[in-house]
Amino acid sequence: MAHLSNDEFLIQLEQLFAARKDKGSVFLLQKRMTWQPEASTSTAPAAGAPGDDVEMGDSAGERRADEDREWPLLLRATDGKSDKKAKVKLTTVVQPPDVTPFLDRYSLLLRQTFSSALRPKRKRADLLRARTLRQLTRAAARTARKTGEPQPGREELEERAARAVKASEARAKAAGAGAGAGAFRPALPKVVGPRRGNGVQRRRRAERRREKAVQRAKRKASAKAGP
């Protein structure tokens, strides 16, 4: 398959992302291109007369030259289909002078694609409303099966769910503000250990810590309530 130009690669890659947005995947590959058609990969010495000396190259110098050299960048993108005829495969080679501007455009395309593919985060109230609506729908269906009465409509169930969520938020707000005795829910230490015999001292220490925690919570609640 012939390599695409850098501009054509980005255009077709954007089209591939759009085609696989709802369903499917896009596989990306990016690596240094070190293969050279004109260079031989064989390291075997050339055939000569028996007994001739073989000249050894400076392998260390060649390695240093390869490390300092700027290599082209090879990029591939496929849709991952097993059918070779239907498989989409995009390939391009970026030369060293064009790597930086190309990667700027390439990374911008990836950021735009990934950000649009992410699902927006739902708020806690929306999640609670959806869960309450499902519970009310199931409860209404069970009641309708038992009594034979018609099931409430969607709008009525949504109104009930909204009222339930609003009441739950009001209770949570009142509990956080420390309003009334019903909102007094201190986090108390757990009392463990036997009531007599070995370990009774451990239980008594836990009971004393629990009592101190209760007293601190009561003082804090009374201070919030004010005179």
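What the sequence shown shows, in full-length UniProt numbering, is residues 1 to 227, in sequence order. Where a beta carbon is used, it is the ideal one built from N, C-alpha and C, also for glycine.
Where residue i sits in the DSSP three-state scheme
i, result
"R77", "According to the sequence as given, residue 77 is Ala; it is not Arg. Looking at A77 - three-state DSSP - the assignment turns out to be strand."
"T41", "Because the pLDDT of T41 is 41, which lies under 50, any placement of that residue in the model is unreliable, and the question is left without a value."
"K84", "coil"
"K190", "coil"
"K89", "strand"
"A2", "coil"
"P152", "coil"
Residue i: first and last residue of the uninterrupted alpha helix (DSSP H) it sits in
i, result
"Q12", "N6 to A19"
"A139", "R124 to T147"
Opposing strand residues paired with residue i [DSSP bridges]
i, result
"V94", "L73"
N-terminal and C-terminal residue of the beta strand (DSSP E) that residue i is part of
i, result
"L28", "F27 to R32"
Residue burial classification, residue i (beta-carbon count within 10 angstroms, cutoff 16)
i, result
"A77", "buried"
"N6", "buried"
"residue 229", "One cannot answer for residue 229 here, as it falls past the ends of the chain, which runs 1 to 227."
"F114", "exposed"
"E14", "exposed"
"L73", "buried"
"V94", "buried"
Any non-hydrogen atom of the ligand FAD within 7 Å of residue i CB
i, result
"Q112", "The ligand FAD is not part of this structure, which contains no ligands at all."
* **Any 3 or more C-beta pairs closer than 8 Å across the segment 128 to 136 and the segment 156 to 164** => Using a C-beta cut-off of 8 Å, the segment 128 to 136 makes contact with the segment 156 to 164, since at least three inter-stretch Cβ pairs fall below that distance.
* Cβ contact check for the segment 205 to 224 and the segment 186 to 195: 3 or more pairs under 8 Å -> The segment 205 to 224 is in contact with the segment 186 to 195.
* Taking contact to mean at least 3 C-beta pairs separated by less than 8 Å, is the segment 7 to 16 in contact with the segment 99 to 116? -> Yes, since at least three Cβ pairs between the segment 7 to 16 and the segment 99 to 116 fall closer than 8 Å, the two stretches touch.
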